[in-house]
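Residue numbers (the working numbering), protein chains in the order written: chain A, 66 to 676; chain B, -19 to 466.
Below is one structure, written out as structure tokens, with a few remarks after it.
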């Protein structure tokens, strides 16, 4: 059993044993889950020194068909570390945050199952296993969005998330199977497939089907437009889950998949451009939605989608490292923002509407307010905070790829990001309040503090990440912090990103609350944004419309063609045939005698002729 | 040894069915459940004896003038079919709470019919002679029609029983036609000799024969356009009978296709029929899916969902590719587990709330968390979500179809999974989530003796999903020994 197998197996074992902890009550459940998740994080960190090119065998899952092997390169291991470590911090935070809930067992079972699924997804080099883990995390996401199942909104949101991502997964499975069958002998192993593609053994059409199919899958999981509609509704989940699954880890799976497959798909005509544009359009589109959104958590959800758009754009522009760098930074600061938001909402008794909060929270929850401010600065891309470096790198990559439309959208999105992120800070934390609030306890403060430190410093690890990734055979150029500084300062992108920040700050200073300002300036535009451009209502119309139309057509077939037409039709046909035949059997003796004699005569004639 | 057990597998339930008539109502269920459990043990024993060995043949002279023998053959596939059918029947009998239907279902004769049904299913699985197969096939019809006609839950149960009888009988006649054609031309009724005698038959005649078999068995699978009997039957059938039908009898249809089509007929001919069979399968899949999504009545919902799932099975069969057929056979089992579990959940809902429409119930999860868990597992398994068992067979079916070169069909079928998710999860959402329905405070979780069979099935769905290797090897090993030539 190598450490890769341990990292994957540990959370699953934990999830399987979790029901036993019911015997020990809530404290035992929380304690056990934390032990499992922290141990997983420890083993995940222990993988970092072993980063190398290639794969590690884990287990033969279905003999002869599916062999589970793990990637040991930087792309996979760093994602594993992010999932496990942020998972551990959020587990610690949950012990206090979720303590009042009645049914913790379900929470922790799904939590550990999710960590296992996410790590498996990050590590596996077998495409079918990737699909399995991909669905496992989707399953846990579904279950945890619907954690408060008695709330119809939560039940609906869970199903919506599952169905929307499932739509994308159709593409993913088609892509995987297409690659599987064009290989001789058939295999799900990514490295073997990559070799075959490099050798030109896979036909172009298959490659195109696989490339765009997987793009669809990634768009579903990472909530990229036009499949972004589920993530904002997913905020019905407990805030810890929003932080873990719907901000820091699961939604990165799509970015990871794109980064992983970039080397094999980038030659497919139009694929890289499509990835870039999907990302850039999403980044801009969802940033505009965040401008008017009154719900605190939904603003953060839109910002997540928007930042994921940056990562997509980076992959499409060919810079896997920029995507990965932004992924790591974003996971840290977005987890921080969500956990701060959770603390606030927790103390306000569940109010999520920023206008109803009344502001002034920052005065009373100083620690939380400071942490949130740090997160906001990162999100807005203010220099020296981690978000700045990676966002600048993404814009630089887009610029270098020569895609003007994509670059413009990303820069505009950066402007809007500043506006909406400060708006949220302003509405919730600034001003005065007569409410009596206090900072949370230690179990919540420690994760906040650690994440805040991470948000300020994680970019300093750039040399480490890039070196490890380059060493493990990825197309990444190793750069030290010094080189990063030099590169950033001397690039044109710096002007764009600083200009965007400056413009954003200017807008913020002049209007403060973009939602109110927009409503005043152009109510119709504000309404369009509030309705999310009507994308969701189109989906609902199509979804239920198909069902209703299908139902009426098929019910008509069932009722009129099959039941009345064939079933009863045949029955009445035989009845009337019987009635018609009845004429010949009136039961009159003389008729019978005539019939018998005629028959006998006929027989005689036939016999006579035959002889 | 083996021949004694084979005899017992048929005799025990038949004698049990007669004996149960003399058992007093309070013990009827325990008695007949015990008989079914004994049969399950016998089937497992037979599996053990046959495991890894050549097929076991037993025969007695029967119609000597025509050279027809009364013969049984036990191979891997037959043992799987028998174990699944017997275990599901035992669970179906054991599961139903006797409070549920009052005295009616407590009548001894009902359980007698259940046992006859089981004997017929095992007879179908073991038959090595086509005429004898046909007899057992028709014998399936009698107990199921009787249970529908006398214990059905709808006023017009007589009409529904008749409809069910006529439909499946027409299917059986098509099968008989093909069997008799082969007998009259080649003089052979031994199913395992078919391959040899069919080798030199004209391909166009072979195609007609294949169609006769596929359509004939298609009636039992509720293949479009022969599904008209299914929703009414499932709505009216008493729940234990419906459980056995959905789990066992539908599987018999696929069993027949594998035995009569894939084993004897040359693969080149079958694969020429791939496209029309898969088209029918896709229509069945989407037809059932859309109708299931639109149903308000819980049992009709399950019926259409079964129809849709049989579309998947037929789809895998139609691929004429080893992985696809293996996946289809595997899916019969996985679907059986999930669907029986859903039937039990629905039975529990009907039993506890007295409601049988989806729009009359909601928020049951607060009152019945274990049932809700079982329902979620079954629904997710049905929509092919890993790590549950439904996924394992579904991807094999898709993979089989794609490797037979029909990528477009595979894409359309995979997209059907979204439809399945929509109806399966809608059911869970409306029945269990949301605000508790009126009167929910009086609802209690059902007792452990009802939950136990459900939890067994839920656990089975999880275990097979997480660790499919041994089960898949069992199924694919059984198919491999048939030398399908694919």
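Note that beta-carbon positions come from the ideal geometry of N, C-alpha and C, so glycine has one too.
Looking at the strands, I want to know which residues DSSP matches up with residue i.
i, result
"residue 122(A)", "134(A)"
"residue 49(B)", "41(B)"
"residue 107(B)", "52(B)"
"residue 189(A)", "135(A)"
"residue 36(B)", "54(B)"
"residue 418(A)", "360(A)"
"residue 127(A)", "131(A)"
"residue 337(B)", "277(B)"
"residue 254(A)", "191(A)"
Alpha carbon to alpha carbon, how far is residue j from residue i? Give it in angstroms, no decimals.
i, j, result
"residue 380(A)", "residue 429(B)", "55 Å"
"residue 479(B)", "residue 336(B)", "Residue 479(B) lies beyond the range of chain B shown here (-19 to 466); nothing can be said about it."
"residue 83(B)", "residue 183(A)", "Only weak support is given to the placement of residue 83(B): the predicted model assigns it a pLDDT of 46, under 50, and the question is left unresolved by the model."
"residue 27(B)", "residue 175(B)", "25 Å"
"residue 22(A)", "residue 454(A)", "Nothing in the structure corresponds to residue 22(A), since chain A is present only between 66 and 676."
"residue 643(A)", "residue 635(A)", "12 Å"
"residue 160(B)", "residue 302(B)", "29 Å"
"residue 32(A)", "residue 497(A)", "Not covered by the structure: residue 32(A). The range shown for chain A is 66 to 676."
"residue 389(A)", "residue 376(A)", "8 Å"
"residue 362(B)", "residue 173(A)", "25 Å"
"residue 247(A)", "residue 210(B)", "40 Å"
"residue 181(A)", "residue 75(A)", "7 Å"
"residue 353(A)", "residue 212(A)", "29 Å"
"residue 407(A)", "residue 304(A)", "5 Å"
"residue 227(B)", "residue 319(B)", "7 Å"
"residue 369(B)", "residue 307(B)", "11 Å"
"residue 341(B)", "residue 213(B)", "23 Å"
"residue 416(B)", "residue 215(A)", "7 Å"
"residue 37(B)", "residue 113(B)", "15 Å"
"residue 478(A)", "residue 317(A)", "19 Å"
With a 10 Å radius around its C-beta and 16 neighbouring C-beta atoms as the bar for buried, classify residue i as buried or exposed.
i, result
"residue 136(B)", "exposed"
"residue 183(B)", "exposed"
"residue 439(B)", "exposed"
"residue 418(B)", "exposed"
"residue 87(A)", "exposed"
"residue 62(B)", "buried"
"residue 647(A)", "exposed"
"residue 67(A)", "exposed"
"residue 462(A)", "buried"
"residue 9(B)", "buried"
"residue 162(B)", "buried"
"residue 243(A)", "buried"
Would the beta-carbon of residue i fall within 8 Å of that of residue j?
i, j, result
"residue 292(A)", "residue 229(A)", "yes"
"residue 508(A)", "residue 161(A)", "yes"
"residue 460(A)", "residue 558(A)", "yes"
"residue 446(B)", "residue 349(B)", "no"
"residue 371(B)", "residue 380(B)", "no"
"residue 418(A)", "residue 524(A)", "no"
"residue 50(B)", "residue 102(B)", "no"
"residue 313(A)", "residue 399(A)", "yes"
"residue 341(A)", "residue 433(A)", "no"
"residue 216(B)", "residue 189(B)", "no"
"residue 226(A)", "residue 210(A)", "yes"
"residue 218(B)", "residue 132(B)", "yes"
"residue 566(A)", "residue 446(A)", "yes"
"residue 271(B)", "residue 433(B)", "no"
"residue 124(B)", "residue 3(B)", "no"
Using a C-beta cutoff of 8 Å, does residue i count as contacting chain D?
i, result
"residue 318(B)", "Protein chains A and B are contained in the structure displayed, whereas chain D is not."
TODO: Enumerate, from N- to C-terminal direction, the unbroken beta strand (DSSP E) stretches of 3 or more residues contained entirely within the region 270 to 357 of chain A.
DONE: The beta strand (DSSP E) runs of length 3 or more contained entirely in the region 270 to 357 of chain A do not exist; there are none.
Task: 4-residue-minimum alpha helix (DSSP H) runs that sit fully inside the region 147 to 198 of chain B, ordered along the chain - done: If we require 4 residues or more, the alpha helix (DSSP H) runs fully inside the region 147 to 198 of chain B come out as 174 to 178.
Task: Completely contained alpha helix (DSSP H) runs for the region 362 to 422 of chain B, where each covers 4 or more residues - done: Within the region 362 to 422 of chain B, the complete alpha helix (DSSP H) runs of at least 4 residues are 369 to 383, 387 to 412.
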